[in-house]
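Asks: First the structure, which I've put down as structure tokens, then a few questions once you've had a look.
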Amino acid sequence: MSVIELKNINKDFGKGISKVQVLRNVNFQADRGELSLILGPSGSGKSTFLTIAGGLQTPTSGTVTVEGQQLEQMTAKERDELRLNKIGFVLQSYNLLPYLNVGDQFALVRKIKKNGNMTEEELRVLLKELGIETLLKHYPDEMSGGQNQRVAIARALYPNPEIVLADEPTAALDSSRVEVVGELLKQMAVQHNKAIVVVTHDLRLRNYADHIYQIMDGKLSQEK
Ligand SMILES: Nc1ncnc2c1ncn2[C@@H]1O[C@H](COP(=O)(O)OP(=O)(O)OP(=O)(O)O)[C@@H](O)[C@H]1O
Ligand SMILES: [Mg+2]
């Protein structure tokens with residue numbers, strides 16, 4: 389069974405003549421141990437797709453199933469629990485808390501989710517790998533876009549989620565950092581048996597993908 393499955397997903401915004409169809413009959417599944425890449429230009433529906441896959445938005449029609457549980461049949465509280473325990477999000481806007489330094493961003497995760505997170509040593513290795521180990525006392529507005537992006541990636545991986553949903557995780561990174569992040573996400577899939585789903589327009593990530601999809605005007609097609 390796929391760890392995450394979208395069936396006949398449609399998403400519209402607005403009504404009547406102002407209705408915009410953002411996702412059209414999207415079918416998708418992701419398995420553990422694999423990195424799936426969804427490529428598409430700006431406005432094609434990538435963020436909408438990803439936030440629906442992770443239960444942050446609801447589709448207009450269709451079903452999303454995560455680890456055998458159909459999201460629309462769950463209560464909001466159950467969905468929150470599922471997200472907390474199983475899904476790591478790297479959102480396009482980084483979503484770091486502006487009033488917490490980097491170290492405290494991780495401390496906050498520990499407060500909300502007490503068990504099953506990376507050990508201190510694993511976190512140290514991860515931060516080093518991402519080249520952000522010296523930034524623990526820095527606040528988001530004291531760091532570059534690329535540094536914020538790497539902190540957001542580390543924060544998503546820290547709780548050890550089974551599923552990682554990443555929205556443009558390399559948009560602010562130079563090529564050498566893209567390689568580091570690509571390798572890291574691939575390693576998370578292969579060595580830690582996670583399902584990694586990345587939406588992006590960054591073609592540099594193609595090398596790391598097991599499956600590649602294109603999204604265009606809300607229609608998804610599989611290329612690999
Ligand atoms: N809440 C909303 N209300 C109305 N339209 C929306 C809303 N969210 C997204 N859209 C529209 O849906 C389309 C897809 O948006 P989405 O953010 O999913 O694209 P994207 O592929 O992530 O783009 P980008 O690469 O720029 O991040 C766009 O035309 C956008 O204007
Ligand atoms: Mg987007």
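Numbering (the working numbering), first residue to last: 389 to 612. The beta-carbon is built from N, C-alpha and C at its ideal position, and this holds for glycine as well. Computed from a predicted model, the values in this text were never measured in an experiment.
#1: Please state the DSSP three-state secondary structure of K403.
#2: Pull up the distance between the alpha-carbon of G504 and that of I405, whole angstroms please.
#3: Buried or exposed: which applies to A555, given that a residue is buried once 16 or more other Cβ atoms fall within 10 Å of its Cβ?
#4: Could you tell me the boundaries of the alpha helix (DSSP H) in which L496 lies?
#5: At a cut of 8 Å, does the segment 573-581 reach the segment 453-473 through at least three beta carbon pairs?
#6: Could you tell me the alpha carbon to alpha carbon distance between K592 and I551, rounded to whole angstroms?
#7: Using only the heavy atoms of ligand 1, determine whether one of them is closer than 8 Å to the beta carbon of I603.
#8: Roughly how far, in whole angstroms, is the beta-carbon of L511 from the beta-carbon of Y482, given that I think they are within contact range, below 8 Å?
#9: Taking the Cβ atom as the reference point for each residue, do G443 and L470 lie within a distance shorter than 9 Å?
#10: Distance, Cα to Cα, V566 vs K395?
#11: What residues are listed by DSSP as bridge partners for H580?
#12: Assuming L496 and L479 are in contact, meaning their beta carbons sit under 8 Å apart, how far apart are those beta carbons, in whole angstroms?
#13: Please find out if some non-hydrogen atom of ligand 1 comes closer than 8 Å to the beta-carbon of V410.
#14: I'd like to confirm something about Q537: is its beta-carbon nearer than 8 Å to some heavy atom of ligand 2, or not?
#15: Pull the bridge partners of K607 from the DSSP assignment, please.
#16: Should P486 be listed as close to ligand 4, given that the test is whether its C-beta is under 8 Å from any heavy atom?
#17: Evaluate R500 with the Cβ neighbour count: other Cβ atoms within 10 Å of its Cβ, from every protein chain shown; 16 or more gives buried, anything less gives exposed.
#18: Is there at least one non-hydrogen atom of ligand 2 closer than 8 Å to the beta-carbon of V587?
#19: Which value, in whole angstroms, describes the spacing of the CA atoms of L488 and I475?
#20: Exposed or buried, D414, counting other C-beta atoms within 10 Å across all chains shown (16 or more means buried)?
#21: Does the Cβ of D562 lie closer than 8 Å to at least one heavy atom of ligand 1?
#22: Would you identify the three-state DSSP class for V391, choosing helix, strand or coil?
#23: Based on Cα-Cα distance, which residue from E393, K434 and L425 lies nearest to Q417?
Replies: With the structure as the only source:
#1: Coil.
#2: Taking the straight line joining both Cα atoms gives about 48 Å.
#3: Here residue 555 turns out to be Asp, not Ala, going by the sequence shown. Answer is buried; the Cβ neighbour count reaches 16.
#4: Counted as a single uninterrupted DSSP element, the alpha helix (DSSP H) harbouring L496 occupies residues V490 to I500.
#5: Touching, no, given that fewer than three Cβ pairs across the two stretches are closer than 8 Å.
#6: The question names Lys, yet the displayed sequence has Arg at residue 592. Rounded to the nearest whole angstrom, the C-alpha separation of R592 and I551 is 22 Å.
#7: Remark: the shortest separation between the CB of I603 and any heavy atom of ligand 1 falls under 8 Å.
#8: Not a contact, Cβ separation roughly 18 Å.
#9: Contact annotation: G443 and L470 have beta-carbon atoms nearer than 9 Å.
#10: For V566 and K395, the distance between alpha carbons rounds to 31 Å.
#11: Its beta-bridge partners do not exist; DSSP assigns none.
#12: With 8 Å as the limit, L496 and L479 do not qualify as a contact, their Cβ atoms being about 16 Å apart.
#13: Because some heavy atom of ligand 1 lies under 8 Å away, the Cβ of V410 counts as near it: yes.
#14: No.
#15: Residue pairing for K607: DSSP places it in a beta bridge opposite M604.
#16: In the structure on display, ligand 4 does not appear, and the ligands it does have are ligand 1 and ligand 2.
#17: According to the sequence provided, residue 500 is Ile. The question's Arg does not apply to it. Exposed, by the Cβ-count rule.
#18: Yes, the beta carbon of V587 sits closer than 8 Å to at least one heavy atom of ligand 2.
#19: Distance between the alpha carbons of L488 and I475: 22 Å.
#20: The sequence shown places Val at residue 414, not Asp. With 16 or more other Cβ atoms within 10 Å, it is buried.
#21: Flag unset: Cβ of D562 not near ligand 1.
#22: In the displayed model, V391 falls within coil according to three-state DSSP, outside both helix and strand.
#23: Of the candidates E393, K434 and L425, E393 places its Cα closest to the Cα of Q417.
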